[in-house]
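Inspection log for the structure reproduced underneath, given as structure tokens.
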Amino acid sequence: MMGTVSKEPIPPFERFYLVHRDEVLGYLRRLLGARAEDAWQETFLRALRAYERLQHGRHLRAWVFTIATNVAMDELRAKPQPFVDAEPAVELRRDAFKELEHLTDDLPPTERAAVVLRYGYDLPYAQIADALGSSEEAARAAASSGVRRLRRTHDRHT
Amino acid sequence: MTVTPDLDARFRAAALAERLVDVRYDVVDSPVGALHVAATERGLCRISYFGDAWEEGLARVFGVRVLRTPLDDVRRELDEYFAGRRRSFDLPIDLRVAPFHEAVLHELARVPYGKTDTYGSLARKAGRPGAARAVGVVMNRNPIPIVLPCHRIVGADGKLVGYAGGLDVKKHLLELEGAMLPE
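Here the protein sequences line up with chains E and X, keeping their order.
First residue of the first sequence? That's 97 in our numbering, and the numbers climb one at a time after it.
First residue of the second sequence? That's -11 in our numbering, and the numbers climb one at a time after it.
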């Protein structure tokens, strides 16, 4: 319709929390293993601190993944670095990822987050870029490099 | 991956300790059904017989940082009231209503346990004689029923008239307080 802007209201925090708490814990487990619970609590406290400054309720899933990624990166003591990858981009099918998923623990933090967000949670690269604080190209390159590394590791073990 | 009750409780407690919550709520079982209760840092702000769009309603008035946490004081005083062991409430109140509503609810709070008063009488006491109908609207929108005892307000002829929680609930409360004989 002309002149109408779709306005997504901000849900009460309780609703937002109930929708995302389990998924975020799963994500942080994949990145941090046993250290996930503290990071999970810190993620939702950060979300709550920022919540009343939100302008609308769009993209809240990507927003909370961004916060979780930042917390995990702090925890892994590795700030996202500008990422350069000259090789052609590699993509992975979701069922292929299931076979490689257990090997993500050994990836560098940025690649690990990019791969898990892309293939574990199906986030588009634009949102992964936001989560990593990088450009979309860098996010794509990080996931691509992660996939190559996973395949190499996988091949070594088989 | 499911968040355990323990982890969930720790988060909610941490959010409160950091004072990040605009309004908290809980659901308390009672003989008249589940009561949705809410409080700000200033005090009890809502009791509702219904849970429809409950969080959204709280967010509109008090802020979007709505979180469910135990409200032990409220639960305890309500339990005591329904057990017949409490005749008035000691909970601090956070009342955010228009001035006329505030004046009427202030007078309402003085109607004693076990007594009834009429809409017309309450209008006079609030400085608006003849505004019985408007007082009826205030009763209908009472944000904190039971604690602000709108169930004690009846028609001039003694009829129960109406109640947001239903006339059965009004009758139950008046019988509990001994203001009405059980049928």
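C-beta atoms are modelled at their ideal positions from N, C-alpha and C, and glycine is treated no differently.
Top-ranked residue by Cα proximity to residue i, from the options
i      : options                         : result
E/L124 : E/E232, E/F161, E/R157          : E/F161
X/V155 : X/N128, X/D67, X/T57            : Going by the sequence as given, residue 155 of chain X is Leu instead of Val. Of the listed residues, the one whose Cα sits closest to X/L155 is X/N128.
X/Y69  : X/G146, X/D17, X/A152           : X/D17
E/H198 : E/R117, E/I224, E/R247          : E/R247
X/P131 : X/V49, X/T(-8), X/D(-6), X/A167 : X/V49
E/K130 : E/L172, E/V115, E/R117, E/F140  : Note on residue identity: the sequence assigns Ala, not Lys, to residue 130 of chain E. When only C-alpha atoms are compared, the closest one is E/L172.
X/G31  : X/R73, X/G45, X/D67, X/D61      : X/D61
E/P107 : E/H253, E/T139, E/H155          : E/H155
E/L114 : X/A86, X/A2, X/A1, X/L55        : X/L55
E/D191 : E/D218, E/P184, E/V167, E/P204  : E/D218
X/L59  : X/A1, X/A152, X/R74, X/V157     : X/A1
X/E29  : X/V126, X/I81, X/A122, X/G118   : X/I81
X/G153 : X/R73, X/G39, X/R112            : X/G39
Distance CB(residue i)-CB(residue j) smaller than 8 Å
i       : j      : result
X/F(-1) : E/Q137 : yes
X/E43   : E/E110 : yes
X/I141  : X/T104 : yes
X/D27   : X/C33  : Before going on, a small fix: residue 27 of chain X reads as Ala here, not Asp. Going by C-beta atoms, X/A27 is nearer than 8 Å to X/C33.
E/T206  : E/R126 : no
X/A167  : X/G124 : no
E/H237  : E/I224 : With the sequence shown as reference, residue 237 of chain E is identified as Ala, and His is not the correct amino acid for it. Taking 8 Å as the Cβ cut-off, E/A237 and E/I224 do not qualify as a contacting pair.
X/E65   : X/L79  : yes
X/V(-9) : E/D118 : yes
E/T139  : E/A164 : yes
X/G51   : E/E148 : yes
X/H175  : X/P19  : Here chain X has residues from -11 to 171 only, and residue 175 of chain X is not among them.
E/E232  : E/A222 : yes
E/V186  : E/R244 : yes
X/R12   : X/T57  : yes
Supposed contact pair residue j and residue i - C-beta distance, whole angstroms, cut 8 Å
i      : j      : result
X/A90  : X/L110 : The sequence given here has Glu at residue 90 of chain X, not Ala. Not really, about 13 Å apart at Cβ, beyond 8 Å.
X/G108 : X/A97  : That belief does not hold up - the Cβ atoms of X/G108 and X/A97 are roughly 18 Å apart, past 8 Å.
X/Y37  : X/L23  : 7 Å
X/L92  : X/A114 : Strictly speaking, residue 92 of chain X in this sequence is Val, with Leu absent from that position. X/V92 to X/A114, Cβ: 5 Å. Contact.
E/L150 : X/A3   : That pair is no contact at about 16 Å.
Residues near residue i by beta carbon distance below 7 Å, same chain, minus five either side
i        : result
E/L121   : A132, W136
E/P105   : G153
E/P176   : Note that E/P176 scores a pLDDT of 49, beneath 50, so its modelled location is shaky; the value from the coordinates is reported in the next line. The answer, listed in chain order, is M169, T206, L228, G229, S230.
X/R53    : L8, V9, D10
E/R208   : L127, T200, G242
X/P137   : L96, V99
E/T100   : A caution first: E/T100 carries a pLDDT of 48, below 50, which makes its placement in the model unreliable, though a value can still be read off. Contacts found: none.
X/M(-11) : none
X/K180   : Residue numbering for chain X in the displayed model covers -11 to 171; residue 180 of chain X lies beyond these limits and cannot be assessed.
X/G21    : Y37
8 Å Cβ shell around residue i - same chain, five flanking residues per side excluded
i       : result
E/E195  : H250
X/R63   : D14, V16, V25
X/G143  : T106, Y107, V149
E/H116  : L156, R157, V160
X/L(-5) : none
Neighbourhood of residue i by C-beta, 6 Å cutoff - its chain only, sequence neighbours within 5 removed
i      : result
X/E163 : P170
E/F193 : Y215
X/E165 : Y101, G102
E/D226 : T162
X/F77  : E65, V135
E/M97  : Unreliable positioning characterises E/M97 in this predicted model, as indicated by a pLDDT of 44, which lies under 50. A coordinate reading is not provided.
X/V126 : H89, V92
Contact test: residue i Cβ vs the ligand MG heavy atom, cutoff 7 Å
i      : result
E/R236 : In terms of ligand content, the structure shown is empty, and the ligand MG therefore cannot be addressed.
- Query: Which residues, in chain order, does the region 109 to 133 of chain E contribute to contact with chain X at a C-beta distance below 7 Å?
  - Reply: Correct list: F109, E110, R111, R117, D118, L121, G122, R125, E133.
- Message: Tell me which residues of the region 27 to 55 of chain X have at least one Cβ-Cβ distance to chain E shorter than 8 Å, keeping chain order.
- Response: Residues E43, E44, L46, A47, G51, V52, R53, V54, L55.
- Item | Members of the region 132 to 149 of chain E that neighbour chain X once the beta carbon cut-off is set at 8 Å | Within the region 132 to 149 of chain E, the residues whose Cβ lies closer than 8 Å to some Cβ of chain X are E133, W136, Q137, F140, L141, L144, R145, Y147, E148, listed in chain order.
- Listed in chain order, which residues of the region 75 to 88 of chain X have Cβ atoms closer than 9 Å to some Cβ of chain E? Going along the region 75 to 88 of chain X in chain order, one finds no residue with a Cβ nearer than 9 Å to chain E.
- Message: At a CB distance below 9 Å, what residues from the region 153 to 170 of chain E approach chain X? Give them in sequence order.
- Response: Result list empty, no residue passes.
- Interface positions of the region -7 to 8 of chain X facing chain E (Cβ-Cβ less than 8 Å), listed along the chain: Of all residues in the region -7 to 8 of chain X, those with a C-beta nearer than 8 Å to a C-beta of chain E are L(-5), D(-4), R(-2), F(-1), A2, A3, E6, L8, reading in chain order.
- Task: Name, going along the chain, the residues of the region 208 to 224 of chain E whose beta-carbon falls closer than 9 Å to a beta-carbon of chain X.
- Result: Here the close residues number zero.
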